[in-house]
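Here the sequence shown stands for residues 1 to 321, numbered as in full-length UniProt numbering. Just so you know, even glycine gets a beta-carbon here, dropped at the ideal spot from N, CA and C.
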Amino acid sequence: MSGVAQLKDEGSQRQVVAAGAIAGLVSRFVIAPLDVIKIRLQLQIHSLSDPLSVRDVKGPVYKGTLGTLKHILREEGLTGLWKGNIPAEALYLTYGSIQFSAYTYSSHLLDTVPQPYKLPNSVNSFISGAAAGACATTATYPLDLLRTRFAAQGRERVYASILASIRHIAKHEGPSGFFRGLGAGVSQIVPYMGLFFASYEGLKPVLASSPIPMPFGTSDAAAGVIASVLSKTAVYPLDTTRKRLQVQGPMRSRYVHRNIPMYKGAIGTIAHIWKNEGKRGMYRGLTVSLIKAAPASAVTMWTYERAMAVLLAMEKTLKED
């Protein structure tokens, strides 16, 4: 049986949603500190490598992953590494459910295409993954934006609470304020999820039959890691663009980096970063992003497979009783 069939034919739609939600929650808990570090680096427009760029800068100047980690611990304490965790947990809970549900639905829908128009498994995986990513990103985007804004807060609290942030954005920015950077988000997630699922489904059966012992314990986890690293690197500039756009608005100058420029649209943001910060600016935070991608994807796919196995076992036991 092919890898595509194995993933999409396991369990009912309700079981897929439950397993996806569990996978999202567990994954988020594990990588929360790395996510905060990545966001802080992505929002930093200055670098220690350019002395001129740090003149008159109000706010921290982070130097690498470890330097950022130490700075946050020193200035904000351990809890600083989990800023934005509540909306992020809600994001991962709903995102995981919608993602896997949309993926299985899309896969089954594509399976109904008659010959000779039937798609190869790799194309099926790419389209299904891209559609799943676009649906999940759009549906959960306000939570993603809130996660970024809270993670961007330093010692000063920009928003007193999640409810206060929702009220403030709704009042001062309107409904569109919750979707700042959505274009960049969808533009990023479509190729990312398409590449991820296509790579994962292709690597899973190959690694499962490999005589070489797999890292991370299983072929599922190893396939998830490799697929995520390849996909993440390819679309990273769009991720940086999304983060920069998410902190636009009337509170822009109150985040930990107080000199974030005002951007207009995804293309304008990319052009501005490329012109003023160069290629390095587009990929700032990539190292920690890849470090994060490995455990996040491994935990997500490993947990999903195991959660699905438990749910199927429970269903079988109930039927036997």
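Asked: Local conformation of G3 per DSSP, three classes; Found: Caution is warranted here: a pLDDT of 40 is assigned to G3, below 50, making its placement in the model unreliable, and the coordinate value is therefore given only provisionally. Of the three classes helix, strand and coil, the one that applies to G3 here is helix, per DSSP.
Asked: Limits of the alpha helix (DSSP H) - the one that R167 falls within; Found: I162 to H172
Asked: Short Cβ contact (8 Å threshold) for K232 with L146; Found: no
Asked: Anticipated Cβ contact below 8 Å, I189 with T137, distance rounded; Found: 5 Å
Asked: Alpha helix (DSSP H) segments (min. 4 residues) lying fully within the UniProt repeat "Solcar" (120 to 206); Found: 121 to 151 and 162 to 172
Asked: Start and end residues, alpha helix (DSSP H) containing T240; Found: S219 to Q246
Asked: Contact with chain D by G185, beta-carbon distance below 8 Å; Found: In summary, chain D is missing from the structure at hand, where a single protein chain is found.
Asked: contact_flag[the stretch 75 to 82, the stretch 154 to 165] where n(CB pairs < 8 Å) is 3 or more; Found: yes
Asked: Separation of L34 from T68, as counted between CA atoms; Found: 10 Å
Asked: Host alpha helix (DSSP H) of I37 (start-end); Found: Q13 to Q42
Asked: Which of helix, strand or coil DSSP assigns to T112; Found: coil
Asked: Burial state of L182, where buried means 16 or more other Cβ atoms lie within 10 Å; Found: buried
Asked: Cβ pair L207, S219 closer than 8 Å; Found: yes
Asked: Of the residues G84, P237 and T94, the one placed nearest S161, counting alpha carbons only; Found: G84
Asked: contact_flag[the stretch 25 to 40, the stretch 91 to 107] where n(CB pairs < 8 Å) is 3 or more; Found: yes
Asked: Same chain, Cβ closer than 7 Å to L311, five either side skipped, listed in chain order; Found: G11, Q15, A18 and A19
Asked: K8 - DSSP class collapsed to helix/strand/coil; Found: For K8, the predicted model reports a pLDDT of 48, less than 50, meaning its position is unreliable; a value from the coordinates is still stated below. Three-state DSSP puts K8 in a helix.
Asked: P250 versus A131 - alpha carbon distance; Found: 33 Å
Asked: Cβ-based burial, A307 [other Cβ within 10 Å; buried from 16]; Found: buried
Asked: First through last residue of the alpha helix (DSSP H) which encompasses S275; Found: Correcting the residue identity first, residue 275 is Lys in this sequence and not Ser. It spans G265 to M282 - the alpha helix (DSSP H) in which K275 sits, taken as one unbroken run.
Asked: Three-way DSSP call (helix, strand, coil) for I72 in this model; Found: helix
Asked: Proximity winner among P237, M301 and S297, relative to W274 (alpha-carbon distances); Found: P237
Asked: Through-space distance from I212 to V288, alpha-carbon basis; Found: 28 Å
Asked: Close beta carbons around V299, own chain, < 7 Å, minus the five adjacent residues each side; Found: V26, S27 and V30
Asked: Cα-Cα separation, S106 to G59; Found: 46 Å
Asked: Whether R180 touches S165 by CB criterion (8 Å); Found: no
Asked: Anticipated Cβ contact below 8 Å, L110 with S128, distance rounded; Found: 7 Å
Asked: CA nearest to the CA of S47, picked from R252, G265, V36 and Y62; Found: Y62
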